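Chains as they are written, first to last, in this note's numbering: chain A, 69 to 369; chain B, 69 to 369.
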């Protein structure tokens with residue numbers, strides 16, 4: 069127990085330091101709010117800065133660390149995956165999608181600005197993600213592969229496709245296979261990209277290392293989603309920083325419509341064990357990758 | 069006069085052949101409508117296939133030709149710029165933007181499907197553009213530069229930024245400098261990217277060739293916009309394939325709020341002369357690049 073507390077204290081300090089690093093990096097890559105078109109740039113900064121768990125950048129940094137890539141070389145990949153994530157949140161909150169007015173404890177982008185601006189914010193953040201990744205130093209062949217991976221993860225066979233499945237599923241009963249198909253696309257694809265891009269920031273990967281990281285990412289992605297559903301049902305809006313209990317209210321399938329909260333927690337625990345096994349061969353048994361996996365089942369928001 | 073007719077007949081055959089080529093290429097890179105999520109993929113195909121002037125792909129092919137790159141090597145770049153263009157049209161037509169129900173002679177994507185799907189169509193087409201460009205063969209360092217150029221042209225300091233300026237300008241009187249700032253971003257950035265990406269599909273460019281192509285693209289981009297405003301005012305909806313006279317009705321600034329149609333045509337003519345001069349040093353005096361410039365001032369829709 070004492071060992072766990074020490075690991076978590078180290079993890080808390082590590083993630084705090086890297087959250088500061090990613091905030092600084094995003095602040096640098098986002099155009100200044102004084103640059104024309106000012107309102108768009110201000111809205112992009114509003115959406116992207118000053119909040120969020122930054123799970124995807126943390127995964128990128130931790131994956132880089134697992135294969136010996138220093139944080140400064142991982143930064144462009146960490147920014148790119150977070151920009152894709154923020155773009156998807158901004159679009160997902162729009163009235164024609166989830167119609168949400170609270171995100172990261174603040175009014176959503178279209179509430180604070182307007183719908184057209186929020187749509188352009190998402191569009192431009194997606195472009196910026198690719199621009200940031202393409203501008204980074206590094207061996208060009210791997211860089212092209214990273215750009216391809218990110219594009220695939222964001223698109224219709226990845227995150228955007230998962231959103232479409234989610235839309236189509238509202239009000240329907242999904243079985244576990246259908247629910248996981250949705251999550252593997254909607255959140256899993258970008259989480260996998262975060263891990264792979266972090267590791268590839270140092271150059272090409274051995275096939276075995278890549279396979280281990282992919283398996284880790286898939287398990288962690290699902291565990292994250294299972295716990296999201298548990299927390300969404302059990303936690304209040306103020307603690308979550310977004311509207312609680314909304315999925316259930318909208319008739320969306322969640323893990324808790326298929327199993328008890330106790331079974332869902334147990335399932336997340338199994339996925340995390342699987343993730344830990346996949347990164348056990350890396351230095352320090354996966355180091356902060358392992359810590360992130362553990363954090364996912366222990367987090368409160 | 070006979071020489072002009074011959075050139076235009078050759079241009080018509082050339083552009084018809086390449087429109088068929090780009091249609092086939094887009095059909096191949098777009099996921100099948102039978103692949104999950106089916107509705108999203110069907111909507112992406114609906115938005116991207118079967119219509120359009122394909123000006124940007126034609127510019128990419130012509131620029132490739134001007135520096136000796138065969139059409140098959142230009143295809144990924146031609147697809148990528150058209151996918152970005154179609155994504156922007158799909159989002160631009162949404163109710164929170166221009167709220168248009170007719171595009172390329174068909175109901176717009178959100179009318180045919182629904183708003184949420186149309187938003188995801190645009191999002192996923194943007195990702196697909198980068199994926200297609202990243203998957204192409206070719207020297208990786210130039211490929212990374214092409215991806216960076218496309219991202220920059222699509223984003224807040226390019227096309228998406230131009231859309232934001234356009235939104236902010238509705239109902240205001242713009243002077244010529246402000247109007248051109250908007251167009252240089254909203255349409256010019258992607259036209260320039262089409263030309264540069266076409267030429268870069270063969271590898272790095274000499275600085276003088278690149279400068280000539282950039283100048284050509286800027287002139288052609290503005291001439292295209294000037295003529296768009298003239299045609300929008302003078303042509304009926306059926307011929308245009310989109311709602312005519314809409315910009316003026318929405319209180320948007322156009323060239324015709326700043327000058328007569330006669331002066332606008334003359335201005336477009338001057339820009340085209342400038343564009344022709346910029347590509348004169350290339351083989352066959354710019355070949356089809358020159359033809360496209362001439363076509364822009366002579367087109368009827």
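C-beta: ideal position from N, C-alpha, C; glycine also.
Remember, predicted model here, so these are calculated numbers, not experimental data.
Residue 69 of chain A versus residue 166 of chain A: straight-line alpha-carbon distance, rounded: Here the model assigns residue 69 of chain A a pLDDT of 46, short of 50, so the residue's position is not dependable, and the following value carries that caveat. The straight-line gap from Cα to Cα measures roughly 41 Å.
Chain B contact for residue 69 of chain A (CB, 8 Å cutoff): For residue 69 of chain A, the predicted model reports a pLDDT of 46, less than 50, meaning its position is unreliable; a value from the coordinates is still stated below. It does not; no Cβ of chain B falls within 8 Å.
Beta carbon proximity, residue 327 of chain A to chain B, threshold 8 Å: no
Endpoints, alpha helix (DSSP H) assigned at residue 185 of chain A: 183-203
Among B:250, B:232, B:152 and B:210, the one whose alpha carbon lies nearest that of residue 289 of chain B: B:250
Coil, strand or helix - residue 69 of chain A by DSSP: For residue 69 of chain A, the predicted structure reports a pLDDT of 46, less than 50, and the residue's modelled location is therefore unreliable. A value from the coordinates is still provided. Residue 69 of chain A falls in the coil class under three-state DSSP.
Any alpha helix (DSSP H) of 4 or more consecutive residues that is wholly inside the segment 257-294 of chain A: 257-268
Sufficient close CB pairs (3 or more, under 8 Å) joining the segment 284-298 of chain B to the segment 150-164 of chain B: no
Segment limits, alpha helix (DSSP H) that includes residue 215 of chain B: 208-222
Interface residues of chain A facing residue 113 of chain B [CB-CB closer than 7 Å]: Residues of chain A passing the Cβ test: none, with the nearest at roughly 11 Å.
Helix, strand or coil at residue 124 of chain A according to DSSP, with G and I counted as helix: helix
Contact with chain B by residue 283 of chain A, beta-carbon distance below 8 Å: no
7 Å Cβ cut-off: residues of chain A touching residue 164 of chain B: 183, 184 and 187
Coil, strand or helix - residue 320 of chain A by DSSP: coil
Residues near residue 202 of chain B in its chain [Cβ-Cβ closer than 8 Å; skip 5 each side]: 211 and 215
Interface residues of chain B facing residue 228 of chain A [CB-CB closer than 8 Å]: 108, 188, 191, 192 and 195
The segment 264-275 of chain A / the segment 131-142 of chain A touching (three or more Cβ pairs under 8 Å): yes
Contact with chain A by residue 265 of chain B, beta-carbon distance below 8 Å: no
Rounded distance between the beta-carbons of residue 347 of chain A and residue 265 of chain A, thought under 8 Å: So it is not a contact: roughly 16 Å between Cβ atoms.
Chain A contact for residue 219 of chain B (CB, 8 Å cutoff): yes
Contacts of residue 199 of chain A in chain B (Cβ-Cβ under 8 Å): 216, 219, 220 and 223
Cut-off 6 Å between Cβ atoms - residues of its own chain near residue 323 of chain A, not counting five sequence neighbours on either side: 294, 297 and 332
Alpha-carbon to alpha-carbon, residue 234 of chain B and residue 242 of chain B: 10 Å
Residue 170 of chain B (DSSP reduced to helix, strand or coil): strand
Given residue 191 of chain B as reference, the closest of B:278, B:112 and B:341 once Cα atoms are compared: B:112
Beta-carbon contacts of residue 176 of chain A that lie in its chain and below 7 Å, excluding the five residues immediately before and after: 161, 168, 169 and 170
Proximal residues to residue 217 of chain A (C-beta, below 7 Å), its chain only, five neighbours per side dropped: 261, 264 and 265
Cross-strand partners of residue 175 of chain A (DSSP beta bridge): A:170
Residue 83 of chain A (DSSP reduced to helix, strand or coil): helix
Residue 231 of chain B burial status per 10 Å Cβ neighbour count (16 or more: buried): buried
Close beta carbons around residue 200 of chain B, own chain, < 6 Å, minus the five adjacent residues each side: 97, 144, 147 and 148
Under 8 Å between C-beta atoms of residue 359 of chain B and residue 79 of chain B: yes
Residue environment, residue 100 of chain B, which counts as buried when at least 16 other CB atoms sit within 10 Å: exposed
Beta carbon of residue 339 of chain B nearer than 8 Å to that of residue 287 of chain B: yes
Partners in chain B for residue 96 of chain A, counting only beta-carbon separations shorter than 8 Å: Within chain B, no residue comes near residue 96 of chain A; the closest Cβ sits about 15 Å away, beyond 8 Å.
C-beta neighbour in chain A for residue 272 of chain B, strict 8 Å: no
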